[in-house]
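Protein chains: 2
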Amino acid sequence: MAELLKNMTVEGFADLTASDAPAPGGGSVSANAGALAAALAGMVANLTIGKKKYEEVEDEMKVLAEKADALRRELIEDIDKDSSSFNIYMEAIGMPKDTEEQKEARKAKMQEGLKAAAKVPMECAETAAKIFEISEAVVAKGNTNAVTDGLVSAMMARTAVIGALLNVKINLGSIKDEAFVAEYTAKIEKLEKTAIEEEKKILGMSDLSDKLY
Amino acid sequence: MAELLKNMTVEGFADLTASDAPAPGGGSVSANAGALAAALAGMVANLTIGKKKYEEVEDEMKVLAEKADALRRELIEDIDKDSSSFNIYMEAIGMPKDTEEQKEARKAKMQEGLKAAAKVPMECAETAAKIFEISEAVVAKGNTNAVTDGLVSAMMARTAVIGALLNVKINLGSIKDEAFVAEYTAKIEKLEKTAIEEEKKILGMSDLSDKLY
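Going down the list, the sequences are from chains A and B. Start counting the first sequence at 1; every next residue gets the next number (full-length UniProt numbering). Start counting the second sequence at 1; every next residue gets the next number (full-length UniProt numbering).
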């Protein structure tokens, strides 16, 4: 098995992304953006904990730091999941299609692959969308010296959510299961709205970024 | 000297960001976002080159891939530059301040540090802003199978530019050199406008994302 993407160097990951290798692409990059969004939100919480000036929010910041930690770990794993989900579909493409039976089996496997390739970025988008409440809380109550880190966190989370959803959408177009498509379409709309509104709200909380939108 | 951030693993970089270590923070993360934006734009160009269907744009794609390559390399270096620029200021903070002379020298060094800490993310923002023309061209004329990668590229570039500029702004507030501040303020406004408008334009080019804004 090839080296996991999460174990590549920052530079190596960017280099491989740029190449014509099938993975990593926008899906893995979105998961990486989400992991960094969670990391920045957690960093602001960690820079607030233990400071006399922020004693009152210490307990809240500890909870936020732990939540951010869990989201970061999950999104780091999503970097590799996104690439491996793609493989089921590629396997299906390579299946024999000589008899009607084989054709049906191949089609079914392709549908399975497409659903997996939609499910993985959907989970990534759902996970990344949970970062906003942390970014918002740390920008509102966290160490003001790190406010820009909280703002960048919100921007990275928006990119992670919408980027992952683009990868859901592109697969959704070929999925025949109408109930699946309807369920996912509703989820997409809700998550896109959340990502855009939450980021806007958080950027509006600092005079460094409140004129942007 | 500590390990360069670009040589850390993707996971290790995210972990260190989350910690209360002074670096990496939003500045380095923005540079990383820029590098990934350039990587994705380059990837779409590379997935277009050599395909019969896209023969007509082959030469253009080769030029775009090379440009994206150069921007990615520059932005990868910016990940570490951002953190090291911070050190001049931290050194100044530690300088003696017993005599008037020492106080003046310390103040001057602090101003120097602040200017460096504004200059590095400004260069990062300027570099990342050059990605949009590549994202736009690959979304418009590149391999349509990779269109989502081009769209994620535009979103990552927007986050990179605005994120880097937040780090310029936060330092600008303490810089006494009025000409420097005026020059930088004008640059910031222009780059912010570019980032927001370009991303919006590029997202509007695909029916996967044209309803977002």
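Every residue, glycine too, gets a C-beta built ideally from N, C-alpha and C. Computed from a prediction, not measured in an experiment: that's the story for all the values here.
{"Asked": "Taking the alpha carbon of K201(A) as the point to measure from, which residue in M90(A), S83(A), M95(A) and G150(A) has its own alpha carbon closest?", "Found": "G150(A)"}
{"Asked": "Under 9 Å between C-beta atoms, does M43(A) make it to chain B?", "Found": "yes"}
{"Asked": "Which of the three DSSP states is assigned to T9(A) in this structure?", "Found": "strand"}
{"Asked": "What is the DSSP secondary structure of A21(B), counted as helix, strand or coil?", "Found": "coil"}
{"Asked": "Check for me: the alpha helix (DSSP H) holding T148(B) runs from which residue to which?", "Found": "V147 to L172"}
{"Asked": "Could you spell out where the alpha helix (DSSP H) holding I88(A) opens and where it closes?", "Found": "E58 to I93"}
{"Asked": "Chain B beta carbons: is any one of them nearer than 9 Å to that of R72(A)?", "Found": "yes"}
{"Asked": "List, in order along the chain, the chain B residues whose C-beta lies closer than 7 Å to that of I13(A)?", "Found": "Reading the sequence as shown, one finds Phe at residue 13(A) and not Ile. The contacting residues are V10."}
{"Asked": "Go through its chain and collect everything with a Cβ distance to K62(B)'s Cβ below 8 Å, but skip five positions before and after it.", "Found": "A45 and I49"}
{"Asked": "Beta-carbon of L212(A) versus every beta-carbon of chain B: anything under 9 Å?", "Found": "yes"}
{"Asked": "Does the CB of G113(A) have a neighbour CB from chain B at under 9 Å?", "Found": "no"}
{"Asked": "Starting from the beta carbon of L208(B), find every residue of chain A whose beta carbon is closer than 7 Å, and list them in chain order.", "Found": "L166, K169 and I170"}
{"Asked": "According to DSSP, is K204(B) helix, strand or coil?", "Found": "The sequence given here has Gly at residue 204(B), not Lys. Of the three classes helix, strand and coil, the one that applies to G204(B) here is coil, per DSSP."}
{"Asked": "Pick helix, strand or coil for G26(B), following the three-state DSSP scheme.", "Found": "helix"}
{"Asked": "Excluding sequence positions up to five away, which residues of its chain have a Cβ less than 6 Å from the Cβ of E125(A)?", "Found": "Residue identity check: residue 125(A) is Ala in the sequence provided, not Glu. The residues are V161, A164, L165 and L191."}
{"Asked": "When we look at the beta-carbon of M1(A) and count the other beta-carbons within 10 Å, is it buried (16 or more) or exposed?", "Found": "Model confidence at M1(A) stands at a pLDDT of 48, short of 50, so the residue's coordinates are unreliable; what they give is reported in the following sentence. When all chains shown are included, M1(A) counts as exposed."}
{"Asked": "Starting from G113(B) and walking both ways along the alpha helix (DSSP H), at which residues does that stretch end?", "Found": "E100 to A129"}
{"Asked": "Using a cut-off of 7 Å between C-beta atoms, extract the partners of T17(A) located in chain B.", "Found": "L36, A39, L40 and M43"}
{"Asked": "Express the C-alpha separation of L71(A) and L203(A) in angstroms, rounding to a whole number.", "Found": "21 Å"}
{"Asked": "So what's S209(A) in DSSP terms, helix, strand or just coil?", "Found": "coil"}
{"Asked": "Between L191(B) and chain A, is any beta-carbon pair separated by less than 9 Å?", "Found": "no"}
{"Asked": "What residues in its chain sit with their C-beta under 6 Å from that of V138(B), if we drop five residues either side in the sequence?", "Found": "A41, V44, A45 and G150"}
{"Asked": "What residues of chain D sit near S30(A), judged by a beta carbon separation below 8 Å?", "Found": "Annotation note: the requested chain D is absent from the structure, which comprises protein chains A and B."}
{"Asked": "Indicate whether I88(B) and E123(B) have their beta-carbon atoms separated by less than 9 Å.", "Found": "no"}
{"Asked": "Return helix, strand or coil for D177(A), following the three-state DSSP convention.", "Found": "coil"}
{"Asked": "Just to confirm, is the Cβ distance from A33(A) to A33(B) under 9 Å?", "Found": "yes"}
{"Asked": "Looking at chain A, is there any beta carbon in it that lies within less than 9 Å of the beta carbon of D20(B)?", "Found": "yes"}
{"Asked": "With a threshold of 9 Å between beta carbons, is M1(B) in contact with chain A?", "Found": "Interpretation of M1(B) is limited by its pLDDT of 48, a score under 50 that renders its predicted location unreliable; the figure taken from the coordinates is listed afterwards. Not an interface residue."}
{"Asked": "Let me make sure I understand the geometry here. Which of L114(B), A65(B) and P24(B) has the alpha-carbon closest to that of I79(B)?", "Found": "P24(B)"}
{"Asked": "Apply the 10 Å Cβ neighbour rule to K176(A) and answer buried if 16 or more other Cβ atoms are within range, or exposed otherwise.", "Found": "exposed"}
{"Asked": "Going by the beta-carbon positions, is the gap between A154(B) and E198(B) smaller than 9 Å?", "Found": "yes"}
{"Asked": "Among residues of its own chain, excluding the 5 on either side of I76(B), which ones have a beta-carbon nearer than 6 Å to its beta-carbon?", "Found": "K6 and A35"}
{"Asked": "Hey, would you say K81(A) sits closer than 9 Å to A118(A), going by beta carbons?", "Found": "no"}
{"Asked": "Would you mind telling me which residues of chain A sit closer than 8 Å to K6(B), beta carbon to beta carbon, in chain order?", "Found": "T9, V10 and E11"}
{"Asked": "Do we get a CB-CB distance below 9 Å when we pair I79(B) with the residues of chain A?", "Found": "yes"}
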